[in-house]
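Report on the structure given below.
There are 2 protein chains.
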Amino acid sequence: MANIRDVARAAGVSIATVSRVFNNLELVNGDTARRVLQAAAACDYWPNEAAKSLTTNRCNAFGVLLPDLYGEFYSEIIRGIDQRARQARYQILLSSSHANNDDVFNAARAMLGRVDGLILMTPDTVSPDVVARVRKRLPIVLLNPSFAADGCGSVAIDNYGGAYAATSHLLQLGHRDIAMIAGPAGNVDADDRRRGFQTALREFGLDPARAETEVGDFREAAGHAAGLTILARRPRPTAVFAANDSMAIGLLGAAREQGLRIPDDLAVVGFDDITIARYLNPPLTTVTVDIFGLGRKAVAMMLATVEAADAHSPDREVLPAVLTVRESCGAKRRVGLTQSPR
Amino acid sequence: MANIRDVARAAGVSIATVSRVFNNLELVNGDTARRVLQAAAACDYWPNEAAKSLTTNRCNAFGVLLPDLYGEFYSEIIRGIDQRARQARYQILLSSSHANNDDVFNAARAMLGRVDGLILMTPDTVSPDVVARVRKRLPIVLLNPSFAADGCGSVAIDNYGGAYAATSHLLQLGHRDIAMIAGPAGNVDADDRRRGFQTALREFGLDPARAETEVGDFREAAGHAAGLTILARRPRPTAVFAANDSMAIGLLGAAREQGLRIPDDLAVVGFDDITIARYLNPPLTTVTVDIFGLGRKAVAMMLATVEAADAHSPDREVLPAVLTVRESCGAKRRVGLTQSPR
DNA sequence: GCGGCCGATGTAAACGTTTTCATAAATTCG
DNA sequence: CGAATTTATGAAAACGTTTACATCGGCCGC
Chain A
1 MANIRDVARA AGVSIATVSR VFNNLELVNG DTARRVLQAA AACDYWPNEA
51 AKSLTTNRCN AFGVLLPDLY GEFYSEIIRG IDQRARQARY QILLSSSHAN
101 NDDVFNAARA MLGRVDGLIL MTPDTVSPDV VARVRKRLPI VLLNPSFAAD
151 GCGSVAIDNY GGAYAATSHL LQLGHRDIAM IAGPAGNVDA DDRRRGFQTA
201 LREFGLDPAR AETEVGDFRE AAGHAAGLTI LARRPRPTAV FAANDSMAIG
251 LLGAAREQGL RIPDDLAVVG FDDITIARYL NPPLTTVTVD IFGLGRKAVA
301 MMLATVEAAD AHSPDREVLP AVLTVRESCG AKRRVGLTQS PR
Chain B
1 MANIRDVARA AGVSIATVSR VFNNLELVNG DTARRVLQAA AACDYWPNEA
51 AKSLTTNRCN AFGVLLPDLY GEFYSEIIRG IDQRARQARY QILLSSSHAN
101 NDDVFNAARA MLGRVDGLIL MTPDTVSPDV VARVRKRLPI VLLNPSFAAD
151 GCGSVAIDNY GGAYAATSHL LQLGHRDIAM IAGPAGNVDA DDRRRGFQTA
201 LREFGLDPAR AETEVGDFRE AAGHAAGLTI LARRPRPTAV FAANDSMAIG
251 LLGAAREQGL RIPDDLAVVG FDDITIARYL NPPLTTVTVD IFGLGRKAVA
301 MMLATVEAAD AHSPDREVLP AVLTVRESCG AKRRVGLTQS PR
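Those protein sequences? They're chains A and B, same order as listed.
Anchor point for the first sequence: position 281 equals 281 in my numbering, and the numbering is continuous, going up by one each time.
Anchor point for the second sequence: position 176 equals 176 in my numbering, and the numbering is continuous, going up by one each time.
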């Protein structure tokens, strides 16, 4: 396959001139440029990007390391990342399933020379010093980080604020005995959502310690199990705030099995606003987070870091999490001919 | 940052030896190897992957070009691709939103020297000759292709078979007036599903031309609109086969608004088995496709092409699409009635 | 007519690897 | 004991670009 030398030969110029034409430096004579382009087209010349980045030390690509790819959450992150990157003519080098320190370290290492920076979402099991070691080689933007890392930008979700809003809403509807299905302790999102829940209660003069709190692993089955425990308590709580929608779905199942009507017998609020939420019966009131925006923001921050002439200190950004009121909390009248739960 | 030369100097050997140690060629003396590794660790040496691929002409990466990233379908494809690639220690260079010929061509071009092959899913708007031009430079595996391309592998979904199974099922349940909400003409998936529908009718002695068929764009709103038209017809069809689940959901909405009971007044079958399907009320009978497997297969085929010593002709594979019976078709409620095939 | 400048182009040295070939030392063997 | 073989290592040429620097006309102003 033709390389730059072949094009130069065919056009009767030096390789420097060919290079100049392709990087549209304006120092090339119009006629010469035309000749070069013609020759390039004739031998179907494609520049080799590896060689390019070797000399320029720029790749026009970002690495993306995620703990997993399953489900809407990651899908939307990637979509946001891709969209913004594409807009800036950057490529995305994707790698997922990074559970431990070595995984992350090796994946980052394997990207050296292929990316200009790393967008990193690490599970709790990854330690700050791995991130620090990688940071020595590459700019980093952390997604929803569990710790602040020196020299790394970060984009996070306002878990605390969202949980606070959800809980306040239930309180304002008159509920005073509100249970929570929390996420695993140690998980940043889980902990922040729990704090938001507790603060809201406290501000209403209630004791968070007396609020029934079950812990789950963010999956539907855990929500179901936690729901059974909560619904067995007497007096039964009148409302439940679940740390995510999947567990809320599990809870709805448990409630349905016991013949409870939602929201009349039990008000339910979730978190995430996954697509299913609006199709549930009744549609789930939940906290909506702009995950797509999270991805976009991460790339925007990365671009600012990479393309900035001056090395300004990296940003820390928090995206809002807003309550979306549907029917499962009881704030709205049911509309239409929705079939009643059994 | 340290390069191979620095390591060589620190270890008191030549760069060739360092390279040999890292590519674990067994020709290096044990002591020397130890010294090299120590030196490499001391100066935190990371090999530059761009330089590596420039000399070896191998990248250990595949490019993935998709028309879009929105929704579970693409998410699962990517997950499958990533999982299999990671297993083989390959990276994934992702790029989406490729609408037209130039987009695809330029994206492919920008990957030269960074990938060993391309996994390509093109919308109908991309022409075979663009694929052929790209194929000259890079091995290609097509996902669900609308045309056969010389020298390209392909992995497709058995749209025809799935649609045939869905329609046959409705016929066996006793329905004789079955409408279809089809996808846009020209779209491969849409066309194949429609053919499957028609063949099933024909085999039951019915005239496909007389079956009410509305066309939608695979989105929920289109399903709703098509549903209104279909339900307005007299006599009203007793069953509808929707070319995908999103449109089936739109149809269910339309039916609900008219006070129809599913499946008693109207049986509904979808296609895709998206996550929501099982959470609908009633749970949607649909055609399940292993999208994750589609991604995995594509990579497996790519690996076979790239790592094979002999250039065997590329494969063509079709993944099964199987009917998943839930409640929206009425088969489960009428167990007694379904025993006798007509 | 000449120094200086400018615009267009070429020469060659990087960038950081792998790998072929050469070489030196150590080992085997008849 | 010397020739043949093996083992371990180094020197240097690739790979395909970009870019600093050199070169060379032509043109300007004086």
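By construction, the Cβ of each residue, glycine as well, lies at the ideal position given by its N, Cα and C atoms.
Handout entry: Reference Pro314 (chain A), options A:Ser146, A:Thr324 and A:Leu303, closest by Cα
Key = Within the first sequence, the letter at position 314 stands for residue 314 (chain A). Residue A:Leu303 is the option with its Cα nearest to Pro314 (chain A).
Exercise for the section: Alpha carbon to alpha carbon, how far is Val306 (chain A) from Gly250 (chain B)? Give it in angstroms, no decimals. Expected result: As a first step, residue 250 (chain B) must be located in the second sequence, where it is residue number 250. As a first step, residue 306 (chain A) must be located in the first sequence, where it is residue number 306. Distance between Gly250 (chain B) and Val306 (chain A), taken at the CA atoms: about 45 Å.
Handout entry: chain B contact for Ile276 (chain A) (CB, 8 Å cutoff)
Key = If you number the first sequence from 1, residue 276 (chain A) lands on position 276. Any Cβ of chain B closer than 8 Å to the Cβ of Ile276 (chain A) would place that residue at the interface, and such an atom is present.
Practice task
Report the partner residues of Val141 (chain B) according to the DSSP bridge assignment.
Solution key: What you label residue 141 (chain B) is simply residue 141 of the second sequence in a count that begins at 1. The partner list for Val141 (chain B) (beta bridge, DSSP) reads B:Ile119 and B:Gly153.
Exercise for the section: Could you name the residues of chain B that Gln38 (chain A) contacts, counting a contact when the two beta carbons are closer than 9 Å? Expected result: Position 38 of the first sequence, counting from 1, holds the residue named residue 38 (chain A). Simply none; closest approach about 18 Å.
Exercise for the section: Step through the CB atoms of chain A and report whether any lies within less than 8 Å of the CB of Leu294 (chain B). Expected result: Residue numbering aside, residue 294 (chain B) sits at position 294 when the second sequence is read from its first letter. Interface annotation, Leu294 (chain B): not in contact with chain A, CB-CB separation never under 8 Å.
Handout entry: As assigned by DSSP and simplified to three states, the class of Ile92 (chain B)
Key = As a first step, residue 92 (chain B) must be located in the second sequence, where it is residue number 92. Of the three classes helix, strand and coil, the one that applies to Ile92 (chain B) here is strand, per DSSP.
Practice task
Spell out a yes or no on whether the stretch 55-62 of chain B and the stretch 265-275 of chain B are touching, meaning 3 or more CB-CB pairs, one atom from each, closer than 8 Å.
Solution key: Using a C-beta cut-off of 8 Å, the stretch 55-62 of chain B makes no contact with the stretch 265-275 of chain B, since fewer than three inter-stretch Cβ pairs fall below that distance.
Problem - Between the CA atoms of Met121 (chain B) and Asn100 (chain B) - distance to the nearest angstrom - result: Taking the second sequence and counting its residues from 1, the one referred to as residue 100 (chain B) is at position 100. Taking the second sequence and counting its residues from 1, the one referred to as residue 121 (chain B) is at position 121. Distance between the alpha carbons of Asn100 (chain B) and Met121 (chain B) is about 12 Å.
Handout entry: Inter-stretch contact at 8 Å, needing at least 3 Cβ pairs: the stretch 215-226 of chain A / the stretch 180-196 of chain A
Key = Yes: at least three Cβ pairs fall under 8 Å.
Exercise for the section: Would you please state the rounded distance, in angstroms, between the beta carbons of Leu93 (chain A) and Arg109 (chain A)? I believe it to be under 8 Å. Expected result: Within the first sequence, residue 93 (chain A) is the residue found at index 93, counting from 1. Within the first sequence, residue 109 (chain A) is the residue found at index 109, counting from 1. 13 Å between Cβ atoms; not a contact.
Problem - Sequence ranges, alpha helix (DSSP H) only - wholly within the stretch 161-248 of chain B, length at least 4 - result: Qualifying alpha helix (DSSP H) stretches, in chain order: 188-203 and 220-232.
Problem - Length of the line joining the Cα atoms of Arg194 (chain A) and Gly270 (chain B) - result: Translated into the one-based positions of the first sequence, residue 194 (chain A) becomes position 194. Translated into the one-based positions of the second sequence, residue 270 (chain B) becomes position 270. A direct Cα-to-Cα measurement between Arg194 (chain A) and Gly270 (chain B) gives close to 39 Å.
Problem - Beta-carbon separation (whole angstroms), Arg296 (chain A) vs Arg84 (chain A), contact threshold 8 Å - result: Against the first sequence, residue 296 (chain A) aligns to sequence position 296. Against the first sequence, residue 84 (chain A) aligns to sequence position 84. Rounded to the nearest angstrom, the Cβ distance from Arg296 (chain A) to Arg84 (chain A) is 4 Å, consistent with a contact under 8 Å.
Problem - Nearest residue (CA-CA) to Arg278 (chain A), options A:Asn159, A:Ser146, A:Val325 and A:Ala10 - result: Within the first sequence, numbered from 1, the residue matching residue 278 (chain A) stands at position 278. Taking only the C-alpha atoms, the option nearest Arg278 (chain A) is A:Val325.
Exercise for the section: To the nearest angstrom, report how far apart Ala308 (chain A) and Met247 (chain A) are at their CA atoms. Expected result: In the first sequence, residue 308 (chain A) corresponds to position 308, counting from 1. In the first sequence, residue 247 (chain A) corresponds to position 247, counting from 1. Looking at the two C-alpha atoms, the distance is approximately 43 Å.
Problem - Own chain residues within Cβ distance below 8 Å of Pro282 (chain B), not counting five before or after - result: In the second sequence, residue 282 (chain B) corresponds to position 282, counting from 1. Answer for Pro282 (chain B): Ile262, Pro263, Arg326, Glu327 and Ser328, listed in chain order.
Practice task
Would you list, in chain order, the members of the stretch 81-98 of chain A that have their beta-carbon closer than 7 Å to a beta-carbon of chain B?
Solution key: Answer set for the stretch 81-98 of chain A: Asp82, Arg86, Gln91, Ile92, Leu93, Leu94, Ser95, Ser96 and Ser97.
Practice task
Can you tell me which of A:Lys332, A:Ser75 and A:Ala298 puts its alpha carbon nearest to the alpha carbon of Leu319 (chain A)?
Solution key: Within the first sequence, the letter at position 319 stands for residue 319 (chain A). A check of alpha carbon separations from Leu319 (chain A) across A:Lys332, A:Ser75 and A:Ala298 identifies A:Ala298 as the nearest.
Problem - Proximal chain B residues relative to Ala50 (chain A), where beta-carbon distance stays under 7 Å - result: Looking up residue 50 (chain A) in the first sequence gives position 50. Here the neighbours are Ala50, Ser53, Leu54, Gly113 and Arg114.
Handout entry: Interfacial residues, the stretch 247-281 of chain A to chain B, with Cβ spacing under 8 Å
Key = Of all residues in the stretch 247-281 of chain A, Ile249, Thr275, Ile276, Tyr279, Leu280 and Asn281 have a Cβ within less than 8 Å of some Cβ in chain B.
Practice task
Within 10 angstroms of the Cβ of His224 (chain B), are there 16 or more other Cβ atoms? Answer buried if so, exposed if not.
Solution key: Within the second sequence, residue 224 (chain B) is the residue found at index 224, counting from 1. Buried, because 16 or more other Cβ atoms sit within 10 Å of the Cβ of His224 (chain B).
Handout entry: 8 Å Cβ cutoff, Leu69 (chain A) in contact with chain B
Key = What you label residue 69 (chain A) is simply residue 69 of the first sequence in a count that begins at 1. Yes, Leu69 (chain A) lies at the interface with chain B (some Cβ there is under 8 Å from its Cβ).
Exercise for the section: Give the straight-line distance between the Cα atoms of Ser95 (chain A) and Leu65 (chain B), rounded to the nearest whole angstrom. Expected result: In the first sequence, counting from the first residue as 1, residue 95 (chain A) sits at position 95. In the second sequence, counting from the first residue as 1, residue 65 (chain B) sits at position 65. Cα-Cα distance, rounded: 16 Å.
Exercise for the section: Let me know if Gly336 (chain B) comes out buried or exposed under the rule of 16 or more other beta-carbons within 10 Å of its beta-carbon. Expected result: Translated into the one-based positions of the second sequence, residue 336 (chain B) becomes position 336. Residue confidence is low: Gly336 (chain B) scores 38 on pLDDT, short of 50, so the model does not pin down where it sits. Its coordinate-derived value is still stated next. Counting every other CB atom within 10 Å of its CB across the protein chains shown gives Gly336 (chain B) a total below 16, marking it as exposed.
Handout entry: Neighbouring residues, chain A, relative to Ile291 (chain B) (Cβ below 9 Å)
Key = Locating residue 291 (chain B) in the second sequence gives position 291, where the first residue counts as 1. For Ile291 (chain B), no chain A residue has a Cβ inside 9 Å of its Cβ, as the nearest lies near 12 Å away.
Handout entry: Range covered by the alpha helix (DSSP H) that runs through Val36 (chain A)
Key = What you label residue 36 (chain A) is simply residue 36 of the first sequence in a count that begins at 1. According to the DSSP assignment, Val36 (chain A) belongs to the alpha helix (DSSP H) that extends over Gly30 to Ala42.
Problem - Ala321 (chain B) and Gly162 (chain B) closer than 8 Å at C-beta - result: Sequence index remark: in the second sequence, residue 321 (chain B) carries index 321 (1-based). Sequence index remark: in the second sequence, residue 162 (chain B) carries index 162 (1-based). The criterion of a C-beta distance shorter than 8 Å is satisfied by Ala321 (chain B) and Gly162 (chain B).
Exercise for the section: Determine, using beta-carbon pairs with one atom in the stretch 146-156 of chain A and one in the stretch 164-175 of chain A, whether at least three such pairs fall under 8 Å. Expected result: Segments in contact, no.
Exercise for the section: Tell me where the beta strand (DSSP E) around Gly270 (chain A) begins and ends. Expected result: Residue mapping note: residue 270 (chain A) aligns to position 270 of the first sequence, counting from 1. For Gly270 (chain A), there is no enclosing beta strand (DSSP E), since its DSSP letter is neither H nor E.
Practice task
Have a look at the DSSP bridge pairing and note the partners of Arg316 (chain A).
Solution key: By one-based count along the first sequence, residue 316 (chain A) stands at place 316. A:Ser154, per the DSSP bridge assignment.
Handout entry: For Thr56 (chain B), the residue or residues it bridges with in DSSP
Key = Here residue 56 (chain B) corresponds to residue number 56 of the second sequence, with the count starting at 1. The secondary-structure analysis by DSSP pairs Thr56 (chain B) with nothing; it has no beta-bridge partner.
Problem - Proximity below 8 Å, CB of Ala11 (chain A) to CB of Ala39 (chain A) - result: For the purposes of this step, residue 11 (chain A) is taken as the residue at position 11 of the first sequence. For the purposes of this step, residue 39 (chain A) is taken as the residue at position 39 of the first sequence. Cβ atoms of Ala11 (chain A) and Ala39 (chain A): closer than 8 Å.
Exercise for the section: Return yes when the Cβ of Val287 (chain B) is within less than 8 Å of the Cβ of Ala166 (chain B), no when it is not. Expected result: As a position in the second sequence, residue 166 (chain B) is number 166, starting the count at 1. As a position in the second sequence, residue 287 (chain B) is number 287, starting the count at 1. Contact: yes.
Practice task
Kindly indicate the opening and closing residues of the alpha helix (DSSP H) around Val104 (chain A).
Solution key: On the first sequence, residue 104 (chain A) is found 104 positions in, with the first residue counted as 1. Taken as a continuous stretch (DSSP letters only), the alpha helix (DSSP H) holding Val104 (chain A) covers Asn101 to Arg109.
Problem - Length of the line joining the Cα atoms of Arg5 (chain B) and Val13 (chain B) - result: Within the second sequence, the letter at position 5 stands for residue 5 (chain B). Within the second sequence, the letter at position 13 stands for residue 13 (chain B). Their Cα atoms are separated by approximately 9 Å.
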